[in-house]
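K.L.:
Counting in the numbering used here, the sequence shown runs from 674 upward without gaps.
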Amino acid sequence: MLYDLQGESNMSTIVGILYSAVKENSQRLQLITDGMTQEEVDYKGPHNNLNSTAQLIKHIMYVDLNWVYRMKRQPLPLSLKEQYGPMIDANNRLPMIDGMPLHTLLTDCEGVLDLLKDACIQLTDKDLDIVVNFGHENEKQATLRWGLWHMADHSRYHQAQINQLRKWYRDNSLSG
């Protein structure tokens with residue numbers, strides 16, 4: 674199997690390469706979560722004090738959705754904030770999610786990826802130089818280029834956590 678980062682034919686070169694990194698990670702997320710039961714999706718680690726796979730996936734989606742709207746240079750619509758958010762709860766933690774089916778989470782991820790694709794089709798490589806605010810209080814700045822790269826990197830980071838949760842869940846199931 675040949676691995677490569679090639680953009681869509683209707684995207685400029687660099688935008689397409691960065692988009693394909695995000696797309697590949699979205700496909701990888703589906704592979705690493707394949708076969709998870711609802712109990713495993715909601716599992717919060719051996720001491721029940723970590724973010725679950727459901728929380729991590731929802732977080733990845735919300736971060737990506739925010740970047741999509743930064744790329745569009747539009748505020749995130751309130752309806753999407755309510756559907757996908759918030760970023761953090763009152764205790765500065767990822768919001769609690771319990772009982773949300775994996776299929777629903779992954780379908781929502783695909784919807785966000787479709788929105789990203791539409792936004793990337795509109796971008797030129799020169800647009801990647803645009804600087805936008807981000808962070809919980811919009812206290813940081815980054816280029817759209819960095820934002821696209823961050824989406825891929827951020828997803829991989831949390832996928833590693835999901836892989837660790839899966840290992841602990843299997844180990845716990847075998848010893849229990």
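Ideal placement from N, C-alpha and C gives every residue a C-beta, glycine not left out.
With C-beta atoms as the reference, is Leu738 less than 9 Å away from Leu753?
P.N.:
Their beta carbons are under 9 Å apart, which means Leu738 touches Leu753 by this criterion.
K.L.:
Compute the distance between the beta-carbons of Met744 and Gly820, then report whether it is under 9 Å.
P.N.:
Cβ atoms of Met744 and Gly820: closer than 9 Å.
K.L.:
Check Lys717 in the structure and name its three-state DSSP category.
P.N.:
coil
K.L.:
Buried or exposed: which applies to Leu789, given that a residue is buried once 16 or more other Cβ atoms fall within 10 Å of its Cβ?
P.N.:
buried
K.L.:
Assess, as a yes-or-no matter, whether the segment 775 to 786 is touched by the segment 683 to 700 under the definition of 3 or more beta carbon pairs within less than 8 Å.
P.N.:
yes
K.L.:
Could you pull out every residue in the same chain whose Cβ sits closer than 6 Å to the Cβ of Cys793, ignoring the five residues on either side in sequence?
P.N.:
Met684, Val688, Tyr692
K.L.:
How is the beta strand (DSSP E) around Gln756 delimited, first residue to last?
P.N.:
Unbroken run through Gln756 is the alpha helix (DSSP H), 751 to 757; no beta strand (DSSP E).
K.L.:
What do you reckon, are the CB atoms on Thr710 and Leu838 nearer than 9 Å?
P.N.:
no
K.L.:
Could you spell out where the alpha helix (DSSP H) holding Lys731 opens and where it closes?
P.N.:
726 to 744
K.L.:
In the DSSP assignment, what residue or residues form a beta bridge with Val804?
P.N.:
Thr816
K.L.:
Would a C-beta distance cut-off of 9 Å place Leu817 and Leu801 closer than the cut-off?
P.N.:
yes
K.L.:
Quick check: Leu723 and Gln832, are their CB atoms within less than 9 Å of each other?
P.N.:
No; because the gap between Cβ atoms is not below 9 Å, this pair is not in contact.
K.L.:
Using the beta-carbon count (16 or more within 10 Å), is Ile761 buried or exposed?
P.N.:
exposed
K.L.:
Does DSSP put Arg766 in a helix, a strand or coil?
P.N.:
In the structure shown, the three-state DSSP call for Arg766 is coil.
K.L.:
Going by C-alpha distance, which of Gln756, Leu751, Gln700, Tyr716 is nearest Asp844?
P.N.:
Tyr716
K.L.:
Once you ignore the five residues that flank Met824 on each side, which residues in its own chain have a CB closer than 6 Å to its CB?
P.N.:
Val695, Asp737, Trp740
K.L.:
What's the gap between the Cα of Cys782 and the Cα of Ile730?
P.N.:
About 8 Å.
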